[in-house]
Amino acid sequence: MAESVLSSRRALPGSPRSPRDEEIGVGGAAIAADDGDGSKTRNHRPIGARITRMFSFRMSPTRRCCSFPPAAPLLSVAILFRFLFLVALLCSQRFRRGVCETEYGAISRVVMGRTDGLASDFGILGVPWCRSKSGKSVDWGAKDLIKGLEEFVPIYENRPIKDNMYGMGFDHSFGLWFMTRWLKPTLMIESGAFKGHSTWVLRQAMPNSSIISLSPRHPEKYLKKGPAYVDKNCTYFSGKEFLDFGSVNWGNVLKKHGISDINQVLVFFDDHQNQLKRVKQALGFGFKNLLFEDNYDTGTGDHYSLRQICDQFYVRGGGHSCFRDGDEARIRRKRRKLWEKAVDTEELCGEGEAWWGVRGEMRDDFNHSNKAISHLDHFQNSRFVESLLDSYWELPPVAGPSLTHQTRYDPARSSNPIVEDGQYSLFKGLGLTRLDASVFNGYTQMVYVKISAAKQ
Ligand SMILES: C[S@@+](CC[C@H](N)C(=O)[O-])C[C@H]1O[C@@H](n2cnc3c(N)ncnc32)[C@H](O)[C@@H]1O
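Number 278 in the numbering used here belongs to position 266 of the sequence shown; there are no gaps in the numbering.
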């Protein structure tokens, strides 16, 4: 795949969001659960971002320049003039480069009086990632993703569940659809269905393939309260029939579905379980193609993720310092003010300066179970995981924050977006302006991995 998409990792950081689940547990019991993180798609903004947004402006397609939303009434005329002058200066500079629209970060810098905001200013920390055995990743590239977006936006607009709070937003829906269509599995296994949005996405990608869905509560239960999706060609292990992925006799189930080549199976996890546990289970059953919805960044989320596991000192951008007066702490403090899900050093580090996982913990099952692990355990986990990886590919965010107005995850902790800040006409041309901003708030580095047993 194109190097620009694949390893467009910046030497920068911050953090994302995590979801919370409305219902968890087994046997169909619906238990309210809150990891303190709020929804995947809600639309709250930090004060800094709100102020910034008051001043954000975008290109008017007719005038090819900048048009303002209503100005903030409380500002004095003098400040407003100063601001307008700076905006005009920025706009004219960008216009010279042939792109007259505003970067959220640029305006943020003006308004906040600082020189950060977007990813490129994050500085020394970088973005951790998992290394695959051969260094190879995937064979799709930037152009494929753009083409995919063009096709997917109208599909997404027709989704049956318009408000998928606590479930997947646009970025991951696109990622799931895109990768499924690319890999063309004969069988799709989904662990964690909620109201069935992801089942619907899988069905859009592969209309004729089989789906097996494992979720404690059957999606049909949600129909009483509002929109939900139940697929007539899906085998549900739900309600009384619920089985955890690790407890299924996959040999029998695959046989029943006529699957002889396990390469033809895609397993999608959105069940908030420890991903190390899931990788070990999948490996034991022989599955190769795995997709994890919530690949949380270090210090965030309710389960140990691949991103967390691979966050190691030996990976560029990996490993963290808990030194309260250090550069990392300073940068984190700044980012925390700009992005809801960014974590500062106090949140990052637990007792004994334990930064790995979440404050030195390996979380599992919506954080209903967590275990403190040593740095050595954490290090060995990454060696183990990387010994299995044939591919590791994190879905980039669909578009930069100046376009989507997302306010939750820190763009410095993700790869470059598919549609970069500044590409407003592409963003509009793809139909992305038609979507509500709240659907862009749920990005957590969805990741595709291909695994195989380590060579002895
Ligand atoms: C975040 S939701 C999934 C959202 C969904 N994929 C969507 O379309 O947006 C997580 C789901 O995992 C379910 N879950 C909890 N424990 C599970 C387990 N052990 N195996 C599978 N699903 C589980 C929850 O009940 C919930 O429906």
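Each residue gets a CB set at the ideal place from its N, CA and C atoms; glycine is no exception.
Any non-hydrogen atom of ligand 1 closer than 7 Å to residue i Cβ
i, result
"SER210", "yes"
"PHE257", "yes"
"ASN176", "yes"
"PRO228", "yes"
"PHE206", "yes"
"HIS332", "no"
"HIS284", "yes"
"MET180", "yes"
"SER203", "yes"
Any non-hydrogen atom of ligand 3 closer than 7 Å to residue i Cβ
i, result
"HIS380", "Summarising the ligand content, the structure contains ligand 1 and does not contain ligand 3."
Strand pairing of residue i, partner residues [DSSP]
i, result
"PHE249", "LEU226"
"GLU406", "VAL459"
"GLU373", "VAL370, ALA384"
"VAL279", "ILE201, LEU302"
"ALA449", "None; ALA449 has no bridge partner."
"VAL291", "Note: VAL291 sits in no beta bridge, so no partner."
"ALA411", "VAL431"
"LEU161", "DSSP output for LEU161 lists no bridge partner at all."
"LEU438", "Partner(s): none; LEU438 has no beta bridge."
"LEU401", "ILE463"
Beta-carbon separation (whole angstroms), residue i vs residue j, contact threshold 8 Å
i, j, result
"SER227", "ALA205", "4 Å"
"ARG229", "ASP314", "Contact doesn't hold; Cβ gap of about 18 Å is too wide."
"GLY298", "ILE274", "5 Å"
"HIS284", "ASP306", "7 Å"
"VAL277", "ILE201", "7 Å"
"TRP194", "VAL213", "Contact doesn't hold; Cβ gap of about 14 Å is too wide."
"ALA240", "GLU232", "7 Å"
"ASP402", "SER144", "6 Å"
"ALA465", "LEU400", "7 Å"
"TYR460", "LEU303", "5 Å"
"GLY362", "ARG348", "Not quite, the Cβ-Cβ distance comes to about 17 Å (not below 8 Å), so this is no contact."
"LEU360", "GLY311", "4 Å"
"VAL165", "LEU415", "With 8 Å as the limit, VAL165 and LEU415 do not qualify as a contact, their Cβ atoms being about 13 Å apart."
"CYS246", "ILE271", "That belief does not hold up - the Cβ atoms of CYS246 and ILE271 are roughly 15 Å apart, past 8 Å."
"PHE182", "PHE452", "6 Å"
"ASP323", "GLY331", "7 Å"
"ASN301", "VAL279", "7 Å"
"ASP282", "SER210", "6 Å"
"VAL242", "GLY208", "6 Å"
Inset, instruction - Could you tell me which uninterrupted alpha helix (DSSP H) segments, each at least 4 residues in length, are contained entirely in the region 309 to 360, listed from first to last along the chain? - result: 318 to 322, 339 to 350, 357 to 360
Inset, instruction - Output the residue ranges of the beta strand (DSSP E) runs that lie fully inside the region 184 to 213 and measure 3 residues or longer, sorted by chain position. - result: Correct list: 199 to 203.
Inset, instruction - Count the C-beta pairs between the region 317 to 331 and the region 386 to 401 that are closer than 8 Å, then say yes if the count reaches three, no if not. - result: Output reads yes: the region 386 to 401 touches the region 317 to 331.
Inset, instruction - Count the C-beta pairs between the region 146 to 160 and the region 378 to 386 that are closer than 8 Å, then say yes if the count reaches three, no if not. - result: no
Legend entry - Validate contact between the region 260 to 268 and the region 230 to 244 using beta carbons, cut 8 Å, 3 pairs: no
Legend entry - Contact between the region 402 to 419 and the region 335 to 342 (3+ Cβ pairs under 8 Å): Output reads no: the region 335 to 342 does not touch the region 402 to 419.
Legend entry - Meets three-Cβ-pair contact criterion under 8 Å: the region 351 to 362 and the region 421 to 432: yes
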